[in-house]
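Using this note's numbering, read the sequence shown as starting at 5 and increasing by one per residue.
Here the structure is laid out as structure tokens; the discussion comes afterwards.
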Amino acid sequence: MNILDFLLIVNMSDTILRGIESQPDSSKEKNRAERPTLTAYVLRHGETEKDKTKKDRGLTEKGEREILEAADRIISELDPQNDIIQLLDSDTPRTKTCNQLIGQKLAEAGFKFFTLIRTDKAGKPLETEINTSGDIVASRRFPKIRMPKISEADSAVQRDSSQRKKYNIPNGVEDARMAIWYAMGERGKLSGDSETPQAVAERMEDGIEQTKKKLPMLNKLLKPGQRIVAIINANAPQIDALITKKTGKSMLERGEVKNAKGFRIDFSTLEDSSHKVKATFEEWPS
């Protein structure tokens, strides 16, 4: 939900995936029919320091509490016996810190973490099951959820306080810079060097589609009842862009996504003869 070219699973080489594909195990897929093979939680980081122009700004104490509360909610929805955790982020200090906190909580609750599959020199897997570790596996950068590219000229406009009134940004929207980016994108005012909200949503949706294609191979690696759960910590622009595309409601209409909240995607295989993969999207917490 590579969200998912999101998942390092998706980033395995084609050689590895072909090796997995060649191993029939329909019984595993049948036993997993009623449960998603993969679930992705995509969350906004917690509250950060006030100076939004600092790219390396950290979390406030409130921000840490918000993330720990989100971790507790996630734990309440999961099963440490069967759910295997993967931590991914948008490659900013604040999102990495959030996943460190979440990872600690999950480890304390008895969850295991996904590790990369070992391969021989020819690229063939040395095992046919998911490798796990009882120790926290550090969060890794996931390109599909990177921060939007915004030109220096457009960034300067976003920092101009007079633009809030010009674009009728509601008072309830705290991050005026992000809201101005949305408004400029909707009105075609962004320069050619900047990513639009629509482009950001499309690259995230592309990641979802790529993940769906890999699900049959993942089914063959997991034991019956097992599931990969990706905790993906990101930033408001990416999350709001996809929610807008999925719901049809602009961030300016519904308000920005709150700290430590976002959306969840369940990936599962239909039980009928088509065996199609579906991705179920919902805002989280619902």
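Even for Gly, the Cβ is constructed at its ideal location relative to N, Cα and C.
These figures come from a predicted structure and were not determined experimentally.
Please name the residue in the options whose C-alpha comes closest to that of residue i.
i	options	result
GLU257	LYS249, PRO40, ASN263	LYS249
PRO147	ASP164, LEU42, GLY266, LEU92	LEU92
ILE212	ASP270, ASP158, ALA142, LEU82	ASP270
ASP197	CYS102, ARG98, VAL141, ALA157	ALA157
SER3	SER155, LYS153, ALA180, ILE154	Absent from the model: residue 3. The displayed extent of the chain is 5 to 290, so no value can be given.
LEU110	ASP95, GLU133, VAL141	VAL141
ARG39	GLU53, ILE71, ASP83	ASP83
LEU225	GLU51, CYS102, PHE118	PHE118
ALA301	PRO220, ASP60, GLN90	There is simply no residue 301 to check, as the chain begins at 5 and stops at 290 in what is shown.
Quick check on the DSSP output: the alpha helix (DSSP H) that includes residue i runs from which residue to which?
i	result
SER166	166-170
GLN214	201-225
ILE78	65-81
ILE184	180-190
ALA160	156-163
GLU257	255-258
What residue range does the beta strand (DSSP E) around residue i cover?
i	result
LEU42	42-48
ALA234	231-238
Which class does residue i belong to by DSSP, given the choice of helix, strand or coil?
i	result
ARG98	helix
LYS148	helix
SER137	strand
THR123	strand
LYS250	helix
LYS54	coil
LYS59	coil
LYS116	strand
ILE106	helix
PRO174	coil
ASP197	coil
PRO241	helix
ALA142	coil
What residues are listed by DSSP as bridge partners for residue i?
i	result
VAL281	THR273
GLN90	ALA234
GLY266	LEU47, TRP288
Is residue i close to chain B, meaning its C-beta is less than 7 Å from at least one C-beta of that chain?
i	result
LEU63	Any reference to chain B falls outside this structure, which holds one protein chain only.
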